[in-house]
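Presented below is the structure to which this report refers.
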Amino acid sequence: GSMLNVTSVTKRYSGQDTDAVAGVSFVAVPGEFVALMGPSGCGKSTLLHLCGAMDRPDRGQILLGDTNLARLGDDQLTLVRRQRIGFVFQFFNLLPTLTLVENVALPLLLAGASPAEATRRARSLGDRVGLASRLDAYPAQVSGGEMQRAAIARAIVHSPALLIADEPTGNLDSGNGARVLELLVELNASLRLTILLATHASDIAAAAHRTLHMRDGQFA
Ligand code: ADP
Ligand code: ADP
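First residue of the sequence shown? That's 1179 in this note's numbering, and the numbers climb one at a time after it.
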């Protein structure tokens, strides 16, 4: 079966006179690492938001496993996001008042895990992504690469089926960007984590199993 099966999906923002995503179809199988490439404004983020249950399409179907995200109400979309999807963003989006390990543990606490269990798992995953000595630091005290490692750990701590990454190396220098990419490749292979990643950079896309090129809301 497919992890993600997107059929004829269209999305237009209110007040706009063109579709941000215009009749897009693709399939991602479990464990696949798919890159979306294309210029700024071509619709990558919009497609990621739709596949990540952050927004609904105007038309078309988005199957995450057997669930059609296009048909879900807001509460059900929120549940899908919390339970089955992880997000990584360009600007990390860590909470500045929490330490790295507290940021990583947060999704588990929100899902009802005990603080002890959430902290144990967050430390274990933090070690795994290479943050061992930095886990008790605050985001402002660590490098961009370390912040993104923490954000990746936070995104996968609840074992999501799908990881959505929007320009995850876009705010990192090339060395840190390469190391974050290496981490995503390693997690994809070892956890069979399905990854959908948007990037402007062809060297980042080259690490994926497959690259979909977008232009004006469609695949080129
Ligand atoms: P990127 O090109 O890095 O993916 P953008 O600069 O296109 O990001 O968009 C950044 C954020 O601003 C996104 O969350 C997007 O949804 C929002 N955005 C982009 N264009 C508009 C717009 N015309 N009106 C309102 N929000 C927008
Ligand atoms: P990309 O991620 O490839 O930069 P986006 O998906 O952010 O592209 O944007 C696709 C198109 O939709 C652009 O024309 C952008 O300006 C527009 N857009 C994105 N978000 C919004 C929004 N919230 N409101 C209105 N227009 C938006």
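All C-beta atoms, glycine included, are put in the ideal place defined by N, C-alpha and C.
As the structure is a computational prediction, the values presented were derived from the model and not from experiment.
**Prompt:** Would the beta-carbon of residue 1224 be found less than 7 Å away from any heavy atom of ligand 2?
**Reply:** As a first step, residue 1224 is located in the sequence shown; it is residue number 46 there, counting from the start. Checking the Cβ of residue 1224 against ligand 2 gives yes.
**Item:** CA-to-CA distance, residue 1389 to residue 1278, given in whole angstroms
**Value:** Residue mapping note: residue 1278 aligns to position 100 of the sequence shown, counting from 1. Residue mapping note: residue 1389 aligns to position 211 of the sequence shown, counting from 1. The alpha-carbon atoms of residue 1278 and residue 1389 are separated by roughly 32 Å.
**Message:** By DSSP's criteria, residue 1393 is part of a beta bridge. Which residues make up the other side?
**Reply:** Locating residue 1393 in the sequence shown gives position 215, where the first residue counts as 1. 1396, per the DSSP bridge assignment.
**Prompt:** Got a sec? Which residues, its chain only, sit under 8 Å from residue 1272 by beta carbon, not counting five neighbours each side?
**Reply:** Walking along the sequence shown from the start, residue 1272 turns up at place 94. Answer for residue 1272: 1278, 1281, 1317, 1325, 1328, 1329, 1332, listed in chain order.
**Asked** How many angstroms separate the CA atom of residue 1235 from the CA atom of residue 1185?
**Response** Along the sequence shown, one-based indexing puts residue 1235 at 57. Along the sequence shown, one-based indexing puts residue 1185 at 7. Those two C-alpha atoms are separated by around 11 Å.
**Item:** Inter-residue CB distance, residue 1221 and residue 1198 (contact presumed, cutoff 8 Å)
**Value:** On the sequence shown, residue 1221 is found 43 positions in, with the first residue counted as 1. On the sequence shown, residue 1198 is found 20 positions in, with the first residue counted as 1. Going by Cβ atoms, the distance from residue 1221 to residue 1198 rounds to 5 Å, so yes, they are a contact pair.
**Asked** For residue 1342 versus residue 1397, is the C-beta spacing smaller than 8 Å?
**Response** Position 164 of the sequence shown holds residue 1342. Position 219 of the sequence shown holds residue 1397. Cβ atoms of residue 1342 and residue 1397: not closer than 8 Å.
**residue 1193 classed as buried or exposed, judged by whether at least 16 other C-beta atoms fall within 10 angstroms** = Counting from 1 along the sequence shown, the entry for residue 1193 is found at position 15. With fewer than 16 Cβ atoms within 10 Å of its Cβ, residue 1193 is classed as exposed.
**Chain-order list of residues whose beta-carbon lies under 7 Å from that of residue 1248 (same chain, five-residue window excluded)** = Residue numbering aside, residue 1248 sits at position 70 when the sequence shown is read from its first letter. Excluding sequence neighbours, residue 1248 sits near 1234, 1235, 1238, 1239, 1240.
**Request:** Report whether the distance from the Cβ of residue 1379 to the nearest heavy atom of ligand 2 is below 7 Å.
**Result:** Your numbering for residue 1379 matches position 201 in the sequence shown. No, since every heavy atom of ligand 2 falls outside the 7 Å radius drawn around the Cβ of residue 1379.
**Request:** Could you please give me the residues that DSSP links to residue 1246 through a beta bridge?
**Result:** Within the sequence shown, the letter at position 68 stands for residue 1246. Bridge partners of residue 1246: 1241.
**Asked** Are residue 1347 and residue 1382 touching if we call contact CB-CB under 8 Å?
**Response** Here residue 1347 refers to the residue found at position 169 of the sequence shown. Here residue 1382 refers to the residue found at position 204 of the sequence shown. Against a cut-off of 8 Å, the Cβ pair of residue 1382 and residue 1347 comes out as a contact.
**Message:** With the cut-off set at 8 Å, would you say residue 1379 and residue 1226 are in Cβ contact?
**Reply:** Sequence index remark: in the sequence shown, residue 1379 carries index 201 (1-based). Sequence index remark: in the sequence shown, residue 1226 carries index 48 (1-based). Not in contact: residue 1379 and residue 1226 (Cβ atoms no closer than 8 Å).
**Message:** Report the CB separation of residue 1283 from residue 1300 in whole angstroms; it is logged as a contact under 8 Å.
**Reply:** Against the sequence shown, residue 1283 aligns to sequence position 105. Against the sequence shown, residue 1300 aligns to sequence position 122. Between residue 1300 and residue 1283 the Cβ distance is about 4 Å, and since that is below 8 Å, they are a contact.
**Pair within 8 Å by beta-carbon distance, residue 1358 and residue 1323** = Position 180 of the sequence shown, counting from 1, holds the residue named residue 1358. Position 145 of the sequence shown, counting from 1, holds the residue named residue 1323. Yes, Cβ-Cβ distance for residue 1358 and residue 1323 is below 8 Å.
**Item:** Nearest-angstrom beta carbon gap, residue 1370 and residue 1209 [assumed within contact, 8 Å]
**Value:** Stepping through the sequence shown from its first residue, residue 1209 is reached at position 31. Stepping through the sequence shown from its first residue, residue 1370 is reached at position 192. At roughly 4 Å, the Cβ-Cβ gap stays under 8 Å, so residue 1209 and residue 1370 are in contact.
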